[in-house]
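Here's the structure we're looking at; comments come further down.
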Amino acid sequence: MNYNNYEHAIVEHHGVALDGWPSELLPIRNLSRIGGHKSVQLLLNALIEGTCNWMKLTEEELVDRITRNHAREAAEETIYKPRKKRTPKTVEKSAATIESSSESDEGEGGEGGEGGDE
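All the letters of the sequence shown, read from the start, carry residue numbers 17 to 134 under my numbering.
Rendered as structure tokens:
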């Protein structure tokens, strides 16, 4: 799940939100970053007990959430994290590449060549 852009990629895009995420673990983030065993156990218990679950937002709730997210972003709070820039793929030739001309290949009569002395 895309926790880094939870509000945009999950809430705004799919119209669902996690309800009841333990307040000690806010903001909602990648599970590998919530802390140690106790934090993971706290979240697991909330999910098992049903105190933390997914809820479908109404159209009104979704519009309100998007409006609040834009306002928070305008107030310089990071809600929408920018994606990393792609690095351009460049094809570099190896320094060990040797280019041969057709003239030198003809006179040598090497493997499978046509002009060899047999």
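We put the beta carbon where it would ideally sit given N, CA and C, even for glycine. All values reported here derive from a predicted model rather than from experimental measurement.
Let me know if residue i comes out buried or exposed under the rule of 16 or more other beta-carbons within 10 Å of its beta-carbon.
i, result
"Trp37", "buried"
"Val79", "exposed"
"Ala33", "buried"
"Glu75", "exposed"
"Glu93", "exposed"
Go ahead and pull the three-state DSSP assignment for residue i.
i, result
"Lys72", "strand"
"Leu58", "helix"
"Ile26", "helix"
"Arg45", "coil"
"Arg99", "coil"
"Thr83", "helix"
"Glu65", "helix"
"Glu40", "helix"
"Ala90", "helix"
"Glu134", "Residue placement at Glu134 is flagged as unreliable, the pLDDT there being 49, under the threshold of 50; the coordinate-derived value follows with that caveat. Coil, per DSSP."
Return the first residue and the last residue of the beta strand (DSSP E) that residue i is part of.
i, result
"Leu34", "32 to 35"
Can you give the beta carbon distance from residue i to residue j, rounded, assuming they're within the 8 angstroms contact cut?
i, j, result
"Leu63", "Leu41", "Actually they are not in contact, since the Cβ atoms of Leu63 and Leu41 sit about 12 angstroms apart, beyond 8 angstroms."
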